[in-house]
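Numbering (our numbering), first residue to last: 7 to 344.
Where a beta carbon is used, it is the ideal one built from N, C-alpha and C, also for glycine.
A quick write-up on the structure given underneath.
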Ligand code: SAM
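Following this line, the structure appears as structure tokens:
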């Protein structure tokens with residue numbers, strides 16, 4: 007039976023988010039703007055990335071010794087890492103792991119959904135910020151068409167990865183007009199759209215509070231056209247606030263990380279592609295687990311290090327956020343993953 011480690015605020019470690027690469031084939035303007043992530047940008051070298059074997063070893067320790075129950079693969083874009091199915095297969099075999107999911111931009115899903123499912127992936131979240139090709143192209147900045155993401159979502163559903171979650175980040179003046187069409191499109195699909203407040207992650211996106219469309223406003227926009235009612239949380243501290251259509255045609259969620267922060271229930275540990283452990287999305291530095299892995303540490307030593315890091319965790323950035331904290335240096339979302 008796994009020990010359960012808790013931090014200084016009594017929060018257990020339940021979710022492990024693993025970034026498998028810092029690279030992405032999109033250049034979303036709010037995440038990896040071309041001016042910063044251009045031709046000369048120094049991404050991590052291959053040798054710096056954790057190998058699949060190293061990732062699996064750490065994941066086993068998190069599950070066996072520290073109570074992690076769910077793993078989500080992210081990036082960068084996880085599907086740009088070659089043979090990711092092999093990692094999925096290795097992780098899916100870990101005893102005690104209850105859920106294995108992935109967050110992707112969906113660009114390679116039409117091809118990859120079936121092999122990922124066969125390898126043991128259980129669920130998938132696809133990011134899609136608009137159904138309007140012009141709006142979407144202006145966001146992804148590589149002219150990626152909406153149709154190909156929709157085809158990826160179809161393929162994922164056909165492969166048995168349903169119900170699928172669709173994540174839409176809403177940024178003022180950029181895609182708030184896409185909120186209602188997005189809700190309408192997926193209303194009868196069985197998939198759940200989750201509207202996400204634009205956050206001050208990283209420092210390349212020039213975030214300002216004025217850019218945030220509050221969750222309450224998003225709900226009001228949808229409710230005016232497609233009446234909604236609240237749904238009780240699945241469990242206390244659930245990150246997403248759930249709503250359903252009054253006519254019974256489905257459910258949506260909002261993630262109000264800026265206007266209604268949920269640090270008190272945050273059970274997430276984040277592992278970067280180069281093996282640094284972060285205890286908050288808004289952290290400035292991570293703890294180097296790769297040095298332990300490659301320095302010959304035993305499983306017991308690595309486990310003790312992870313426990314020690316979690317036990318002193320006191321992060322609650324979103325509850326403390328102000329205009330001043332937004333300007334502080336932070337790691338990039340593309341490095342750490344969503
Ligand atoms: N490439 C994958 C994808 O597109 O889903 C996984 C990584 S991406 C960094 C994860 C999620 O973070 C995406 O849904 C993206 O829209 C979201 N994201 C990036 N920057 C954000 C920000 N400033 N505020 C809120 N969400 C953000």
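Cβ contact (3+ pairs, closer than 8 Å) linking the region 105-124 and the region 26-46: yes
Residue 104, buried or exposed, once every other Cβ within 10 Å from all chains shown has been counted against 16: Sequence index remark: in the chain shown, residue 104 carries index 98 (1-based). Looking at its Cβ environment, which holds fewer than 16 other Cβ atoms inside 10 Å, residue 104 is exposed.
Residue interval of the beta strand (DSSP E) (run including residue 187): As a working mapping, residue 187 is identified with position 181 in the chain shown. Premise fails: residue 187 lies in the alpha helix (DSSP H), 185-192, not in any beta strand (DSSP E).
According to DSSP, residues forming a beta bridge with residue 131: Taking the chain shown and counting its residues from 1, one reaches residue 131 at position 125. BP columns for residue 131 point to 109, 171.
Touch test, the region 176-195 against the region 8-25, Cβ-Cβ under 8 Å, three pairs minimum: no
Cα-Cα separation, residue 297 to residue 282: Taking the first residue of the chain shown as 1, we reach residue 297 at position 291. Taking the first residue of the chain shown as 1, we reach residue 282 at position 276. Answer to the nearest angstrom: the Cα atoms are 9 Å apart.
Extent of the continuous alpha helix (DSSP H) to which residue 121 belongs: Numbered from its first residue, the chain shown carries residue 121 at position 115. From DSSP, the alpha helix (DSSP H) with residue 121 extends over 115-125.
Paired residues, beta bridge with residue 259 - DSSP: Here residue 259 refers to the residue found at position 253 when the chain shown is read from its first residue. Looking at the DSSP assignment, residue 259 forms a beta bridge with 200, 248.
Boundaries (first-last residue) of the alpha helix (DSSP H) holding residue 21: The residue labelled residue 21 in the question sits at position 15 within the chain shown. Here residue 21 belongs to no alpha helix (DSSP H); instead the beta strand (DSSP E) covers 21-25.
C-alpha gap between residue 167 and residue 115, whole angstroms: Indexing the chain shown from 1 puts residue 167 at position 161. Indexing the chain shown from 1 puts residue 115 at position 109. Going from the Cα of residue 167 to the Cα of residue 115 covers about 11 Å.
Residue 310 versus residue 41: straight-line alpha-carbon distance, rounded: By one-based count along the chain shown, residue 310 stands at place 304. By one-based count along the chain shown, residue 41 stands at place 35. Each residue's Cα considered, the two are about 41 Å apart.
Beta carbon of residue 92 nearer than 7 Å to that of residue 23: Against the chain shown, residue 92 aligns to sequence position 86. Against the chain shown, residue 23 aligns to sequence position 17. For residue 92 and residue 23, no; Cβs fall outside 7 Å.
Check: residue 110 C-beta below 6 Å from any heavy atom of the ligand SAM: For the purposes of this step, residue 110 is taken as the residue at position 104 of the chain shown. Yes, the beta carbon of residue 110 sits closer than 6 Å to at least one heavy atom of the ligand SAM.
Residue 169 burial status per 10 Å Cβ neighbour count (16 or more: buried): Reading the chain shown from its first residue, position 163 is the one you call residue 169. Exposed is the call here.
For residue 35, the three-state DSSP class (helix, strand or coil): If you number the chain shown from 1, residue 35 lands on position 29. Note: residue 35 maps to coil in three-state DSSP.
The ligand SAM heavy atom lying under 6 Å from the CB of residue 80: Taking the chain shown and counting its residues from 1, the one referred to as residue 80 is at position 74. Yes; taking the cut-off as 6 Å, the Cβ of residue 80 has a heavy atom of the ligand SAM nearer than that.
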